[in-house]
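Colleague: Dropping a structure here in structure tokens format, bear with me for questions.
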């Protein structure tokens, strides 16, 4: 019997499907790798496999807008196998990877190879972003049409600022020709160059060179001007400041075709979490002030921030156990995405009494339907007929973030040692159970 | 010399008078004498002796914190005071003064410290009270009283804050 | 949020590493200064040593070149009868592959008792201290001899010792720090020490390009006009201006800097008549300070050096006596 044609019945779980406004205890019926029905069993349906999801939440598999798989080129930091396993354990069934691999994803052959490698693992769907310029050097345009044909869902400049504004203008004009989305980090090429922490009183005290908020806002002004001139659609990656979010809010009101995301860590951490120079808190963009973090939390609630992502960046010990300024920036995130989304719901959204969907449903939306919409993917929902990517998770299960609990080769996060809520029990990709948490013997 | 006395009957001022008389006799005719008191009780006694013997220009005070042998166990003492030796140690006959002579370790430390200042001709030791319990071969040249005390008790010299000179009292803690 | 506790103090509240003055209880700062006064007299003796650290090994681990600081630590260690090993680790040998922590592990295996560390990165000594605690080597102590822009605690302490020596009471002083405060670990340590010891007014004087944000939160009043800033001041701490500042678009030239921010006799006269002039050294004569002032009666720059040895002896002897 082929895996894809297995009839899978998930029963008694609380089904949360924000795209379709579903939130209640129900059954889910899967056949031929697709969602067949929610609620009553379709006539003549017999399940090949039944999963009892009592006490669990049944949601669309998570869509992660940024996860570094470190292939090609950085295999010493992590491999496709380990990181795809991490995605499964984190409930992530679709992920977008940035083009800053080695070599950079600027040639169709590289993209095809990556997609092929990922496909053979039968785990998450991998959607690469192509490089906006050749080698991410900020000079020559890449073959965007060819790259899209190879599987790229958009074009990004990863964390490398484009110095020549004319090049960015041309890239956006060209992308607009084919209605491709340009994914950009709003950071000025020079202001805050070499900075390693949020430019504020804390960085001053600790003697750390700072990245001012101005680096983000100046870049945003430039990007919005270029959008007005070209009409290009832009997705802003990893917003970090209150001032920046205010500019996005205004741009959306104006009607510019812009979306933005935040890294899951940035919803919770501030520059104070650097503590005594903890290099686990060395990330980019840096964790900013409490005011900025609060604006990010509020932005998720009012829709200014369209989605949250893990910004998964595996960094090994050799590159983290260094003085703060020498450590490589980045934190592991695939296996924390769910817990951090739930933590936002618990810590913040629950206290805001906003009308509409429950905080939990909002949190799920930010990592499923909203994220999919941003990426232009046909995922993140349990709509009848859609590919059956499903996540079963226990929102109340507590777990401690430690190296042994993580499948990723990236063991560094400022949440190390924390106890978090929310644990994936099973991950289903295209109707087949790709991951199931080992149950402890009773 | 002196018979063991009941510690609760000690009259510090009377003992000082005894010590002063002994020292006066013992140092009669000796050249190049200097008096060095071990901080803090010994320093008070030395001050009084120097005044009574007309030797104030040859008075020094020593803090043995940097020469103690229990630094590895106890760390640096919380209350270190500067050592002040204003005269040339080399060739001097130094009367080292302490309030209570016990194990002898403080005396050993003080002697080591003095030798880092120069080469004395002679060192003599004066103590107000000898409570026995020596752990090193150290003996006082001048002692006003001998007592025995359990190891858990300490004999402490105090000096009144007012009065010129401040009155001495001995208490058991 | 970090799970690392303040690594400077052990669980009894005693100093086991000296990493920064920030967060040190006032009692510990005063204890260091008091102990230092006992060490000052040692330099005048025949035998300029005390046996406190006899048999202990002090490793001077300098990742950033500094002959003068290294020398004063070496003198201080030797006056405590310790054995001193100097390691100048240039950037090139670090790039040969050995990480900072590997270097520490290797030296610990050679039974180091104390590391005196200078590093270009803010926070490097914390990494070392945390590593020693994690690997259960609580008997090995770390002294921060300067980390990036963050702290130079022994300089801060010797500056306080100097001020105490000349001015006695901290609680009625106005102290001005002049120069490149943005890049200065000395300035940061001085600011923390002054506020801890209760100095009511601490001033920072410099052009906007050299004043970091967040000084007000550290308890400092900022001035960009030096004449204004020096009025009625009791203590002036001059900072060295490094040549790199001119190439980083922070300042146009040394001549212009001297015109607006150099300490000349005329400017010195704006301060109190008995004001003292301090400088951590080495001085750039004619750039931040006029020779007439540097060699004048109000300068206490050379006594700072003498006090520096006593203060370092105090720090090292207090640390070496602390159990883990």
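Protein chains in written order, with the numbering used here: chain A, 1 to 442; chain B, 1001 to 1173; chain C, 2001 to 2324.
Even for Gly, the Cβ is constructed at its ideal location relative to N, Cα and C.
None of the values given here were measured: they were computed from a predicted structure.
(1) Can you pull the chain C residues whose beta carbon is under 8 Å from the beta carbon of residue 1083 of chain B, in chain order?
(2) I'd like to know whether the C-beta atoms of residue 2206 of chain C and residue 2179 of chain C end up nearer to each other than 8 Å.
(3) For residue 178 of chain A, count the other beta carbons within 10 Å of its own beta carbon; 16 or more makes it buried, fewer makes it exposed. Which is it?
(4) Mind checking which residues open and close the alpha helix (DSSP H) that includes residue 2227 of chain C?
(5) Cα-Cα, which of C:2265, C:2103 and C:2116 is closest to residue 2273 of chain C?
(6) Does the contact criterion of 3 or more C-beta pairs under 8 Å hold for the segment 1063-1070 of chain B versus the segment 2040-2060 of chain C?
(7) Between residue 2192 of chain C and the rest of its own chain, which residues show a CB-CB distance below 6 Å, the 5 nearest in sequence each way excluded?
(8) Closer than 8 Å is the cut-off here; do at least three beta carbon pairs connect the segment 305-314 of chain A with the segment 195-212 of chain A?
(9) Specify, as a first and last residue, the run of the alpha helix (DSSP H) that residue 1052 of chain B falls within.
(10) Can you name the residues of chain C whose CB is closer than 8 Å to the CB of residue 446 of chain A?
(11) When you compare the CB of residue 2143 of chain C with every CB in chain B, is at least one pair closer than 8 Å?
(12) Using a cut-off of 7 Å between C-beta atoms, extract the partners of residue 2321 of chain C located in chain B.
(13) Is there a Cβ from chain C that is less than 8 Å from the Cβ of residue 292 of chain A?
(14) Is residue 2149 of chain C near residue 2177 of chain C, with beta carbons less than 8 Å apart?
(15) Please report the straight-line C-alpha distance between residue 6 of chain A and residue 92 of chain A, rounded to a whole angstrom.
(16) Classify residue 233 of chain A as helix, strand or coil using the three-state DSSP reduction.
(17) In terms of residue numbering, what span does the beta strand (DSSP E) encompassing residue 2295 of chain C cover?
(18) Look at the alpha carbon of residue 2282 of chain C and the alpha carbon of residue 2013 of chain C, and state the distance between them as a whole number of angstroms.
(19) Tell me residue 67 of chain A's beta-bridge partners as DSSP assigns them.
(20) Can you tell me which residues form a DSSP beta bridge with residue 2116 of chain C?
(21) Taking 8 Å as the threshold (beta carbon to beta carbon), is residue 1037 of chain B in contact with chain C?
(22) To which residues of the same chain is residue 1086 of chain B closer than 7 Å at the C-beta, ignoring the five residues directly before and after it?
(23) So is residue 288 of chain A buried or exposed if we call it buried at 16+ other beta carbons inside 10 Å?
(24) With a Cβ-Cβ cutoff of 8 Å, do residue 37 of chain A and residue 384 of chain A count as a contact?
(25) Would you say the segment 390-408 of chain A touches the segment 141-158 of chain A, given that touching needs at least three Cβ pairs under 8 Å?
(26) Which chain C residues are close to residue 398 of chain A, counting only those with a beta carbon under 8 Å from its beta carbon?
(27) Which residue comes first and which comes last in the beta strand (DSSP E) that contains residue 1034 of chain B?
(28) Closer than 9 Å by beta-carbon distance: list the chain C residues that pair up with residue 1087 of chain B, in chain order.
(29) Along chain A, which residues have their Cβ under 9 Å away from the Cβ of residue 2124 of chain C?
(30) Check whether the Cβ atoms of residue 77 of chain A and residue 50 of chain A lie closer than 8 Å to each other.
(31) Report, in whole angstroms, the separation of the C-beta atoms of residue 18 of chain A and residue 272 of chain A, which I expect to be a contact under 8 Å.
(32) Within this structure, are the beta carbons of residue 2287 of chain C and residue 2241 of chain C separated by less than 8 Å?
(33) State the DSSP-derived secondary structure class of residue 2085 of chain C, mapped to helix, strand or coil.
(34) How many angstroms separate the CA atom of residue 2092 of chain C from the CA atom of residue 14 of chain A?
(35) Give me the chain A residues within the contact set of residue 2150 of chain C, using Cβ-Cβ distance strictly less than 9 Å, ordered along the chain.
(36) Starting from the Cα of residue 324 of chain A, find the closest Cα among A:60, A:30, A:210 and A:266 and give me that residue.
Modeller: On the basis of the coordinates in this document:
(1) Those within 8 Å of residue 1083 of chain B in chain C are 2038 and 2041.
(2) Yes, Cβ-Cβ distance for residue 2206 of chain C and residue 2179 of chain C is below 8 Å.
(3) So residue 178 of chain A counts as exposed.
(4) Residue 2227 of chain C: member of the alpha helix (DSSP H) spanning 2226-2230, first to last residue.
(5) Closest by C-alpha distance to residue 2273 of chain C, out of C:2265, C:2103 and C:2116, is C:2265.
(6) A contact exists between the segment 1063-1070 of chain B and the segment 2040-2060 of chain C.
(7) Excluding residues up to 5 positions away in sequence, 2021 and 2022 lie with their Cβ nearer than 6 Å to the Cβ of residue 2192 of chain C in the same chain.
(8) At 8 Å Cβ cutoff, the stretches do not touch.
(9) 1041-1053 is the span of the alpha helix (DSSP H), which, as asked, contains residue 1052 of chain B.
(10) Outside the shown range of chain A (1 to 442) lies residue 446 of chain A, about which nothing can therefore be said.
(11) Not an interface residue.
(12) Under the 7 Å cutoff, chain B gives 1071, 1075 and 1076.
(13) No, residue 292 of chain A does not count as interfacial toward chain C.
(14) Cβ atoms of residue 2149 of chain C and residue 2177 of chain C: not closer than 8 Å.
(15) If you take the alpha carbons of residue 6 of chain A and residue 92 of chain A, they lie about 21 Å apart.
(16) Strand at residue 233 of chain A.
(17) Bounds of any beta strand (DSSP E) do not take in residue 2295 of chain C, whose DSSP letter is neither H nor E.
(18) Straight-line spacing of the CA atoms in residue 2282 of chain C and residue 2013 of chain C works out to 35 Å.
(19) When DSSP reads this structure, residue 67 of chain A sits in a beta bridge with A:312.
(20) Residue pairing by DSSP places residue 2116 of chain C opposite C:2060 and C:2143 in a beta bridge.
(21) Contact with chain C is absent for residue 1037 of chain B, since none of that chain's Cβ atoms lies less than 8 Å from the residue's Cβ.
(22) 1060.
(23) Its Cβ being crowded by 16 or more others within 10 Å, residue 288 of chain A is buried.
(24) Yes, the pair counts as a contact, with Cβ atoms nearer than the cut-off.
(25) Counting Cβ pairs under 8 Å, fewer than three are found: no touch.
(26) Under the 8 Å cutoff, chain C gives no residues; its nearest Cβ is about 17 Å from residue 398 of chain A.
(27) Start and end: 1033-1038.
(28) Counting only Cβ-Cβ distances below 9 Å, residue 1087 of chain B has no contacts in chain C at all, with the closest Cβ about 13 Å away.
(29) Counting only Cβ-Cβ distances below 9 Å, residue 2124 of chain C has contacts in chain A at 277, 322, 323, 324, 325 and 326, in chain order.
(30) No, these two residues do not count as a Cβ contact at 8 Å.
(31) Not a contact, Cβ separation roughly 33 Å.
(32) With contacts defined as CB atoms closer than 8 Å, residue 2287 of chain C and residue 2241 of chain C qualify as a contacting pair.
(33) DSSP places residue 2085 of chain C within a strand segment (E or B) once states are collapsed to three.
(34) Low local confidence applies: a pLDDT of 44 at residue 2092 of chain C is under 50, so the model's placement there is unreliable, with the coordinate-based value given in what follows. Going by the C-alpha atoms only, they are around 59 Å apart.
(35) The contacting residues are 205, 206, 207, 208 and 277.
(36) That would be A:210, whose Cα lies nearest to the Cα of residue 324 of chain A.
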